[in-house]
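Number of protein chains: 2
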Amino acid sequence: MFAEIITIGDEILIGQIIDTNSAFIAQELNKIGVSVYQISSVQDERLHILEALKEAEARADVIIITGGLGPTKDDITKHTLCEYFNDTLVESKEVLAHVEAIFKKHLGIPLLEVNKNQALVPSRADVLHNEFGTAPGMWIKSEGKVFVSLPGVPFEMKNLITTKVIPRIIHEFKRPYIVHKTIITYGIGESSLADRISSVEDNLPSMVKLAYLPSLGSVRLRLSAKGNDSEQLNAMVNIEAEKIRNLLGDIILGEAGDEPVESVVAQLFTKKGMSLGTAESCTGGKIAQQITSIPGASAYFKGSIVSYATETKIELLKVSKATIDEFSVVSAEVAVEMATNLRKILKTDFAIATTGNAGPTKGDSDAEVGTVFIAVVSPKATVVEKYSMGSQRERIVQKTVNKAFEMLQKEILKF
Amino acid sequence: MFAEIITIGDEILIGQIIDTNSAFIAQELNKIGVSVYQISSVQDERLHILEALKEAEARADVIIITGGLGPTKDDITKHTLCEYFNDTLVESKEVLAHVEAIFKKHLGIPLLEVNKNQALVPSRADVLHNEFGTAPGMWIKSEGKVFVSLPGVPFEMKNLITTKVIPRIIHEFKRPYIVHKTIITYGIGESSLADRISSVEDNLPSMVKLAYLPSLGSVRLRLSAKGNDSEQLNAMVNIEAEKIRNLLGDIILGEAGDEPVESVVAQLFTKKGMSLGTAESCTGGKIAQQITSIPGASAYFKGSIVSYATETKIELLKVSKATIDEFSVVSAEVAVEMATNLRKILKTDFAIATTGNAGPTKGDSDAEVGTVFIAVVSPKATVVEKYSMGSQRERIVQKTVNKAFEMLQKEILKF
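Chains H and C are the protein sequences, given in the same order.
Using UniProt numbering, the letters of the first sequence map in sequence onto residues 1 to 415.
Using UniProt numbering, the letters of the second sequence map in sequence onto residues 1 to 415.
Here you go:
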């Protein structure tokens, strides 16, 4: 069973916004065994939308459309859907009452004429109640296929997908199972990996697919299988995963769902009752920010000192000026002092510190752009590692953050 | 003149990664007057890619393809391009030498057989040298149209677009001009805005388009015009912008290119020679992280104390326990003390502080989820504002960060 996603809006095509909606929808569909065949972003333009609907209908069973449902004149999705289905817009009393309530309660202003348009829906559409906004979701059935139209505002769309669209697809369609297993490797590149597991890859059963997903510092190997017998699929994927494990044992970091490493670290710290603080220089607060992006971080995360300037390292983190003078501000010694002192200042079990040069020019030290030191101090150990993270500022920071979580994971597992 | 972007890779269709490449490419094309007609994400599958190429060729003059150029078996873009153009792969000596050099210099390992495949290119393709990786870009001309194939790794793709693809499109195609002007409004919603400027919108010249781009806390109005006479286009857009300005004067925050607010703030602090520090609770380091994402931040940014735990606010930021007991940790009083004390601790001209409840549950205070206080202290003023940022954790944090930059911008402009 296939779905397609169509996002409507010039702002994506001029690159003003990144389409994050489609990845969310694709993930949710995949979880229930619906494969996304294609994602298309098209203009706010009648003929273009009609063409995209026709192409998608020819290929997929469910077509999910986001965007173009606002009250303003550049929003033409509803009118175009009516044209496509030879339908007319009718006023939904339910939606009108909801829009009026939103205006009264949250905005404290009277309903404008233009907002009444939000209550117009194609006569054949089922309304999907959008509790977070004025644009309703719509579910239109046509010759065994389903068209779903959703607002483009991410949190409204997400809520409608999760609470309305997915349950109804589950209810109305018979779907195959999709099984994924991801093996995370580190330290060697995509091609060397392929070389080491070619005997497995060359003999994969036809139902199993293998993909290489390189990301900063590691390559994920994703095995996928799709079919009607979930037990058989799981067994097949497990057999192939076992073969890969036997060939790559030394360079496997872990296996995953697609859970981000900061979630894994959060669970470990919470489970083990250990507290954490960060002292960040070149990462500029990004480790703290990723930690606090997970609800419940306050259970183990005390805080961070972002010591971007050298003087802040000295005055706030009490790094000794002698150490900086002798070893430079980008050094293993400074990283260790930062972590050690932060741990004392915040009275945490663990502290992690970063110092490095993210470029584009050399800063307060002579270290090459891309040189980074990361130190972790725990009740059991003091570990410091040096990395060369390339020359691209954004990548240096993200790679350092990834390595930091990797090191934290390794150290917390000792408890 | 139209372009289309095709991204190849199952990882986008299963939602494992977000397609950020297309937005970058679309932006760069727009700058030189090339409109993107459609963006399509398709599977690593021969027939699907062939279909997408054919559809895009029918609609556009330039087709830019990313992904599927790795050395592994799931990478089939080159073979499929050969099939589409009835061509064969030949070895490029230039690419082979480059791949060998990369392996020798950066990886310190010998070239594997599988990597030699990276040097194979369709015989009719011009190689676009990829200095950052082993997969070359390719430029294929066919019946007046151009197909460009690029690696999917963002920093390799970006470098190829900027240094190779855009200059060559400029050289080989006559392009129209595209003019954009964005007016940033705050405080009222999309529909009220539309109501206030309907007289302008109803009478726009046919060459000018108006779009509403709501984002957290503000709506951007984008005027666009496309044609052959850049002076005429600019004049037309300026006339319409002036009309809008007259109608919305009281709620316009600024006009923009699409420069992010953190860049604007960075320029202002650098120009005025003022220094800055942040004391962050509910934003968890995200303000510091956005500040340091701009190269050169060390010229004015001293650092941050992320005081996630209440005890960190007391011990490190020296917020008085009496204030917390009297007003609670989420209060204007605590926000002001955080900023005031941080400014002394870091010896900066400006300090900004955030305290709030990002949910999902109430934390160390009784404040409702979504309640946030932001304080800015400068040599001229102490400003504190209270906001209700809704109930979604991610949005609460991002809205707070946006507001923080807005407040900083307002305050630094007083100097």
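Ideal Cβ positions, reconstructed from N, Cα and C, are used throughout, including at glycine.
Residue environment, H:Lys93, which counts as buried when at least 16 other CB atoms sit within 10 Å
Classification for H:Lys93: exposed.
Segments assigned alpha helix (DSSP H), at least 4 residues, entirely inside the stretch 153 to 206 of chain C:
Correct list: 154 to 160, 166 to 172, 190 to 196, 198 to 201.
Quick one: residues in its chain with C-beta nearer than 7 Å to the C-beta of H:Pro214, no 5 flanking neighbours on either side, listed in chain order?
Same-chain partners within the cutoff: Glu190.
Based on DSSP bridge pairs, tell me the residues matched to C:Gly137.
Its beta-bridge partners are C:Leu128.
What first and last residue would you give for the beta strand (DSSP E) that runs through C:Thr292?
Counting along the chain, C:Thr292 falls outside any beta strand (DSSP E), though it belongs to the alpha helix (DSSP H) covering 286 to 292.
For H:Asn234 and chain C, any beta-carbon pair shorter than 8 Å?
The beta-carbon of H:Asn234 is placed no less than 8 Å from the nearest beta-carbon of chain C.
Using a beta-carbon distance below 8 Å, is H:Arg393 in contact with chain A?
The structure shown has no chain A; the protein chains it does contain are H and C.
For H:Tyr212, which residues in chain C fall below 7 Å Cβ to Cβ?
Residues of chain C passing the Cβ test: Gly70, Thr72, Asp74.
Counting only beta-carbon separations shorter than 8 Å, does C:Ala101 have a partner in chain H?
With its beta carbon at least 8 Å from every one in chain H, C:Ala101 lies outside the interface.
So what's C:Tyr308 in DSSP terms, helix, strand or just coil?
Assigned with DSSP and collapsed to three states, C:Tyr308 falls in coil, not helix or strand.
State the Cα-Cα distance for the pair H:Glu315 and C:Lys347, rounded to the nearest angstrom.
The straight-line gap from Cα to Cα measures roughly 10 Å.
Assuming the contact rule is C-beta atoms closer than 8 Å, C:Leu326 and C:Ile166 should be a hit. Round their C-beta distance to whole Å, please.
The question names Leu, but residue 326 of chain C in the sequence shown is Glu. Actually they are not in contact, since the Cβ atoms of C:Glu326 and C:Ile166 sit about 59 Å apart, beyond 8 Å.
Do three or more CB pairs link the stretch 236 to 246 of chain C to the stretch 178 to 185 of chain C at distances below 8 Å?
Yes, since at least three Cβ pairs between the stretch 236 to 246 of chain C and the stretch 178 to 185 of chain C fall closer than 8 Å, the two stretches touch.
Given this structure, state the Cα-to-Cα distance separating H:Ile197 from C:Trp139, to the nearest angstrom.
Approximately 33 Å, taken between the alpha carbons.
Residues of chain H with CB under 9 Å from C:Ala225, in chain order?
What C:Ala225 touches in chain H: nothing, since even the nearest Cβ is about 13 Å away.
Using the beta-carbon of each residue, which ones in chain C are nearer than 9 Å to H:Glu242?
Scanning chain C for C-beta atoms nearer than 9 Å to the C-beta of H:Glu242 yields nothing, as the closest lies near 20 Å away.
Local conformation of H:Ile39 per DSSP, three classes:
H:Ile39: strand per DSSP, three-state reduction.
Helix, strand or coil for H:Phe415? Go by DSSP, reduced to three states.
Here H:Phe415 sits in coil by DSSP.
Proximal chain H residues relative to C:Asp10, where beta-carbon distance stays under 7 Å
In chain order, Ala211 make up the part of chain H whose C-beta sits under 7 Å from the C-beta of C:Asp10.
CA-to-CA distance, C:Asn21 to H:Ser41, given in whole angstroms:
One C-alpha to the other measures close to 13 Å.
Proximal chain C residues relative to H:Pro295, where beta-carbon distance stays under 9 Å:
Near H:Pro295 (Cβ distances below 9 Å), the residues of chain C are Ala358, Gly359, Pro360, Thr361, Arg393.
Spatial neighbours of C:Thr382 within its chain, please: C-beta separation below 8 Å, excluding the five flanking residues on both sides.
Answer for C:Thr382: Val336, Ala339, Thr340, Ala375, Val376, listed in chain order.
Less than 8 Å between the C-beta atoms of C:Ala194 and H:Pro151, yes or no?
No; because the gap between Cβ atoms is not below 8 Å, this pair is not in contact.
Own chain partners of H:Asn246 with C-beta closer than 8 Å, once the 5 adjacent residues on each side are dropped
Setting aside the 5 residues that flank it on each side, H:Asn246 has no residue in the same chain whose C-beta is closer than 8 Å to its C-beta.
Starting from the Cα of H:Glu280, find the closest Cα among H:Gly273, H:Ser192, H:Gln290, H:Gly296 and give me that residue.
From the listed residues H:Gly273, H:Ser192, H:Gln290, H:Gly296, the smallest Cα separation to H:Glu280 is found for H:Gln290.
Residue(s) in a DSSP beta bridge with H:Glu255:
BP columns for H:Glu255 point to H:Ile183.
With H, G and I counted as helix, E and B as strand and the rest as coil, what does DSSP make of C:Lys73?
Of the three classes helix, strand and coil, the one that applies to C:Lys73 here is coil, per DSSP.
Reference C:Thr310, options C:Lys321, C:Glu55, C:Ala101, C:Val34, closest by Cα:
When C:Lys321, C:Glu55, C:Ala101, C:Val34 are compared, the shortest CA-CA separation from C:Thr310 is found for C:Lys321.
Check distances from the C-beta atoms of the stretch 128 to 143 of chain C to those of chain H and list, in chain order, the residues that come in under 9 Å.
From the stretch 128 to 143 of chain C, only Phe132, Thr134 have a Cβ closer than 9 Å to chain H.
Please compile the residues from chain C whose C-beta is within a distance smaller than 8 Å of the C-beta of H:Val36.
Those are Leu13, Ile14, Gly15, listed as they occur along chain C.
If we define contact as Cβ-Cβ less than 8 Å, is H:Ser149 a contact residue for chain C?
Among the CB atoms of chain C, none fall inside 8 Å of the CB of H:Ser149.
Quick check on C:Ile17: does DSSP put it in helix, strand or coil?
In the structure shown, C:Ile17 falls within a coil segment according to DSSP collapsed to helix, strand and coil.
Looking only at C-alpha atoms, which of C:Ala235, C:Tyr37, C:Val90 sits nearest to C:Pro205?
Proximity to C:Pro205 across C:Ala235, C:Tyr37, C:Val90 peaks at C:Ala235, based on C-alpha coordinates.
Tell me which residues share the same chain as H:Ile412 and place their Cβ nearer than 8 Å to its Cβ, disregarding the 5 neighbours each side in the sequence.
Contacts found: Val265, Leu268, Phe269, Lys272, Met274, Phe350, Ser378.
C:Gly359 beta carbon less than 8 Å from that of C:Arg393:
Less than 8 Å divides the Cβ of C:Arg393 from the Cβ of C:Gly359.
Please name the residue, chosen from H:Ser328, H:Tyr387, H:Gly144, that lies closest to H:Asp366 on a Cα-to-Cα basis.
Out of H:Ser328, H:Tyr387, H:Gly144, H:Ser328 has the C-alpha closest to the C-alpha of H:Asp366.
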